[in-house]
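> Numbering of the sequence shown is given in the numbering used here, commencing with residue 63 and proceeding in unit increments. One structure is given below, represented as structure tokens, and several questions about it will come after.
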Amino acid sequence: MRNKGIIIALTVVVSVLCAYFLFFTYVSRGVQQKAVAYATHSGKLNEIQRQHYLDSVWRAPVFGPYTYRDVRQNELGLGLDLKGGMHVTLEVSPVEIVRAMAANSKEANFNKALALAQERQKTNSGTAFTTLFYQAYQEVAPGKKLAPLFANSVNKDRKIDLNTSDAKILSTINKEEEDAIDRSFDILRKRVDKFGVNQPNIQRVKGTGRIQVELPGVDNPDRVRKLLQGQAKLEFYEVWSQQEFAPYLIQLDKVLTDKEKVIKAATTPATAGTTAAAGDSSSLAAQLAKKTPASKAKTDSATAQQGGALTRYFTMPGALGVNLRDTARVNQLLRSDEARASLPPNLTLLYDAKPKELNKQSFIQLIAVKKDRTGNTAAPLTGEVVSDARMDYDQGGRPEVSMSMNPSGSKKWQRMTAANIGKQVAVVLDDVVYSDPVVQSEISGGNTQISGNFSIEEAQDLAQVLKAGKLPAPT
Numbered sequence: 063m064r065n066k067g068i069i070i071a072l073t074v075v076v077s078v079l080c081a082y083f084l085f086f087t088y089v090s091r092g093v094q095q096k097a098v099a100y101a102t103h104s105g106k107l108n109e110i111q112r113q114h115y116l117d118s119v120w121r122a123p124v125f126g127p128y129t130y131r132d133v134r135q136n137e138l139g140l141g142l143d144l145k146g147g148m149h150v151t152l153e154v155s156p157v158e159i160v161r162a163m164a165a166n167s168k169e170a171n172f173n174k175a176l177a178l179a180q181e182r183q184k185t186n187s188g189t190a191f192t193t194l195f196y197q198a199y200q201e202v203a204p205g206k207k208l209a210p211l212f213a214n215s216v217n218k219d220r221k222i223d224l225n226t227s228d229a230k231i232l233s234t235i236n237k238e239e240e241d242a243i244d245r246s247f248d249i250l251r252k253r254v255d256k257f258g259v260n261q262p263n264i265q266r267v268k269g270t271g272r273i274q275v276e277l278p279g280v281d282n283p284d285r286v287r288k289l290l291q292g293q294a295k296l297e298f299y300e301v302w303s304q305q306e307f308a309p310y311l312i313q314l315d316k317v318l319t320d321k322e323k324v325i326k327a328a329t330t331p332a333t334a335g336t337t338a339a340a341g342d343s344s345s346l347a348a349q350l351a352k353k354t355p356a357s358k359a360k361t362d363s364a365t366a367q368q369g370g371a372l373t374r375y376f377t378m379p380g381a382l383g384v385n386l387r388d389t390a391r392v393n394q395l396l397r398s399d400e401a402r403a404s405l406p407p408n409l410t411l412l413y414d415a416k417p418k419e420l421n422k423q424s425f426i427q428l429i430a431v432k433k434d435r436t437g438n439t440a441a442p443l444t445g446e447v448v449s450d451a452r453m454d455y456d457q458g459g460r461p462e463v464s465m466s467m468n469p470s471g472s473k474k475w476q477r478m479t480a481a482n483i484g485k486q487v488a489v490v491l492d493d494v495v496y497s498d499p500v501v502q503s504e505i506s507g508g509n510t511q512i513s514g515n516f517s518i519e520e521a522q523d524l525a526q527v528l529k530a531g532k533l534p535a536p537t
């Protein structure tokens with residue numbers, strides 16, 4: 063009888079767990095069916111629209127408090143063998159790391175050694191590329207040291223000079239390659255999280271520069287491959303002040319609110335003696351500047367009735383930001399035809415990298431950067447100019463990030479900081495703002511300290527982000 067009771071209890075537990083995961087699987091399938099219905103026109107499925115629908119509800123509630131992301135993470139995972147999907151192996155290019163550390167040297171023997179090492183790596187995959195390169199360099203340039211190639215501004219902070227031994231230079235290259243793999247791994251992991259894949263598997267292949275990624279159930283391999291293989295896009299942008307961008311958001315809010323009224327009037331029968339509450343977009347400027355106590359945050363911003371069609375979602379206390387559950391709707395509004403017509407082409411609202419917990423709710427800030435939405439104009443400064451970045455401490459013992467740039471970047475950075483004293487400059491990776499510090503003074507020489515009330519972990523993460531832009535991502 064005792065054993066029978068245990069068996070019954072285990073059966074009940076297993077049944078409950080099965081029902082739990084089947085429930086999320088059922089909800090997930092329902093969302094995917096809605097996406098297909100949304101993107102199907104005249105019997106033809108528009109894959110871009112289908113994916114756009116799924117992206118828009120990624121952080122939006124799809125059943126009670128559960129977002130589509132929650133649902134995908136809890137549904138039954140069938141794995142590659144049952145459900146199919148993608149198995150991708152990506153590799154950090156050691157050739158580009160060596161070339162970058164040599165400041166893209168045109169020296170003939172250096173480039174011959176690189177080419178020879180690449181050729182030999184095809185049949186010696188178990189040997190480190192650095193070793194193959196050094197062996198090749200000794201063959202093509204007998205008796206010559208590596209120091210003249212690597213004693214440059216790129217390696218100034220690595221303390222490589224004309225007297226540095228070959229052994230130390232090779233050790234430094236190996237360390238930089240390991241760091242590049244770690245950075246690439248972190249970036250890939252964050253990118254994989256955007257796909258909405260259940261039970262993804264991402265791991266490093268020990269002893270190599272390879273990273274393996276398994277994505278069960280992926281049905282748009284071209285999109286995934288493009289996102290995974292894309293180079294980490296690190297950019298620096300000027301930031302709009304509240305006084306500058308508020309009038310444009312006010313205008314957009316008015317246009318969207320008027321459109322909303324027209325739609326409601328066409329679908330809702332008029333009732334005598336009643337007047338619909340109109341949103342007041344003119345309060346936006348005050349709303350942006352006002353510091354709202356966290357205790358007054360809405361319990362559910364998605365149902366907020368104050369403000370216009372757009373501003374009703376700006377419920378983050380003390381800043382221009384939205385509740386995480388409202389991001390899907392806000393994204394739709396900011397990508398609308400009305401937004402394209404109302405906002406200047408170089409006003410782009412980007413999300414901060416880290417949500418903030420306020421009054422037991424998750425909010426995420428929006429930063430208005432001076433980025434061309436059409437993509438026709440490049441960023442004033444990109445990650446290619448960053449030669450090094452590391453977590454450090456200021457004079458008060460607080461974590462900060464120290465960054466250095468190459469000569470070309472130093473000149474651009476000096477001009478950019480001189481033009482923005484007292485204003486913010488945004489550090490953006492893959493269209494997410496990781497930092498937007500205020501420029502205190504003109505910065506020459508390319509050496510910069512970024513402070514922002516960081517924890518040690520946050521400072522380390524930002525340093526990794528900055529370094530990610532200076533070397534190629536996996537290909």
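Think of the CB as a built atom: it goes at the ideal place given N, C-alpha and C, for glycine as much as any other residue.
#1: If contacts are defined as beta-carbon pairs under 8 Å, then Phe-298 and Met-478 qualify, I think. What distance do you get, rounded to the angstrom?
#2: Would you decide whether Ile-70 is buried or exposed? Buried here means 16 or more other CB atoms lie within 10 Å of its CB.
#3: Helix, strand or coil for Glu-181? Go by DSSP, reduced to three states.
#4: Quick check: the Cα distance between Gln-26 and Val-463, rounded to an integer number of angstroms?
#5: Where do the N-terminal and C-terminal ends of the beta strand (DSSP E) with Gly-471 fall, by residue?
#6: Restricting to runs no shorter than 3 residues, where is the beta strand (DSSP E) found entirely within the stretch 389–430?
#7: If you draw a straight line from the alpha carbon of Pro-210 to that of Ala-164, how long is it in whole angstroms?
#8: For Arg-452 and Asn-225, what's the separation of their Cα atoms in angstroms?
#9: Can you tell me whether Leu-224 is helix, strand or coil according to DSSP?
#10: For the beta strand (DSSP E) that Phe-125 lies in, which residues bound it at each end?
#11: Can you tell me whether DSSP reads Glu-169 as helix, strand or coil?
#12: Alpha carbon to alpha carbon, how far is Asp-456 from Lys-432? Give it in angstroms, no decimals.
#13: Give me, in chain order, the residues of the same chain whose beta-carbon lies closer than 7 Å to that of Met-465; leave out the 5 immediate sequence neighbours on both sides.
#14: What is the rounded straight-line gap between the Cα of Asn-515 and the Cα of Val-76?
#15: Tell me which same chain residues have a C-beta within less than 6 Å of the C-beta of Thr-151, skipping the five on either side of it?
#16: By Cβ distance, which residues of its chain are closer than 7 Å to Thr-410, with the 5 residues on each side in sequence left out?
#17: Could you have a look at Ala-213 and say whether DSSP puts it in helix, strand or coil?
#18: Quick check on Asp-523: does DSSP put it in helix, strand or coil?
#19: Should Tyr-310 and Ala-415 be called a contact, given that it needs their Cβ atoms to be closer than 8 Å?
#20: Are Gln-423 and Asn-385 touching if we call contact CB-CB under 8 Å?
#21: Quick check on Gly-92: does DSSP put it in helix, strand or coil?
#22: What's the gap between the Cα of Asp-498 and the Cα of Ile-243?
On the basis of the data shown:
#1: Locating residue 298 in the sequence shown gives position 236, counting from the first residue. Locating residue 478 in the sequence shown gives position 416, counting from the first residue. The Cβ separation is near 7 Å, so the contact holds.
#2: Position 8 of the sequence shown, counted from the first residue, corresponds to residue 70. Ile-70 should be labelled exposed.
#3: In the sequence shown, the residue the question calls residue 181 occupies position 119. It is helical.
#4: Because the chain in this structure spans residues 63 to 537, residue 26 falls outside the shown range and cannot be described.
#5: Stepping through the sequence shown from its first residue, residue 471 is reached at position 409. First-last for Gly-471: 469–480, but that is the alpha helix (DSSP H), not the beta strand (DSSP E).
#6: For secondary structure counted as the beta strand (DSSP E) over 3 or more consecutive residues, the stretch 389–430 holds these complete runs in sequence order: 410–413 and 418–420.
#7: By 1-based counting over the sequence shown, the position of residue 210 is 148. By 1-based counting over the sequence shown, the position of residue 164 is 102. Roughly 9 Å separates the two Cα atoms.
#8: Indexing the sequence shown from 1 puts residue 452 at position 390. Indexing the sequence shown from 1 puts residue 225 at position 163. Between the alpha carbons of Arg-452 and Asn-225 lies a distance of about 24 Å.
#9: Here the question's residue 224 lines up with position 162 in the sequence shown. Looking at Leu-224 - three-state DSSP - the assignment turns out to be coil, as it is neither helix nor strand.
#10: Here the question's residue 125 lines up with position 63 in the sequence shown. It spans 123–125 - the beta strand (DSSP E) in which Phe-125 sits, taken as one unbroken run.
#11: One-based indexing of the sequence shown puts residue 169 at position 107. Here Glu-169 sits in coil by DSSP.
#12: In the sequence shown, residue 432 corresponds to position 370, counting from 1. In the sequence shown, residue 456 corresponds to position 394, counting from 1. Spanning the two alpha carbons is a distance of roughly 29 Å.
#13: Here residue 465 is taken as the residue at index 403 of the sequence shown, counted from 1. Residues of the same chain with a CB within less than 7 Å of the CB of Met-465, apart from the 5 flanking positions on each side, are Val-448, Ala-451, Thr-510, Ile-512 and Leu-528 in chain order.
#14: As a first step, residue 515 is located in the sequence shown; it is residue number 453 there, counting from the start. As a first step, residue 76 is located in the sequence shown; it is residue number 14 there, counting from the start. Taking C-alpha positions only, Asn-515 is separated from Val-76 by approximately 47 Å.
#15: As a working note, residue 151 is residue 89 in the sequence shown. Contacts found: Arg-272 and Gln-274.
#16: Stepping through the sequence shown from its first residue, residue 410 is reached at position 348. The answer, listed in chain order, is Val-431, Lys-433 and Arg-435.
#17: Taking the first residue of the sequence shown as position 1, residue 213 is located at position 151. If DSSP states are grouped into helix, strand and coil, Ala-213 belongs with coil.
#18: Here residue 523 is taken as the residue at index 461 of the sequence shown, counted from 1. Reduced to three states, the DSSP call for Asp-523 is helix.
#19: Looking up residue 310 in the sequence shown gives position 248. Looking up residue 415 in the sequence shown gives position 353. No; because the gap between Cβ atoms is not below 8 Å, this pair is not in contact.
#20: One-based indexing of the sequence shown puts residue 423 at position 361. One-based indexing of the sequence shown puts residue 385 at position 323. Pairing Gln-423 with Asn-385 gives a Cβ-Cβ distance under 8 Å.
#21: Residue mapping note: residue 92 aligns to position 30 of the sequence shown, counting from 1. Helix at Gly-92.
#22: As a position in the sequence shown, residue 498 is number 436, starting the count at 1. As a position in the sequence shown, residue 243 is number 181, starting the count at 1. Straight-line spacing of the CA atoms in Asp-498 and Ile-243 works out to 26 Å.
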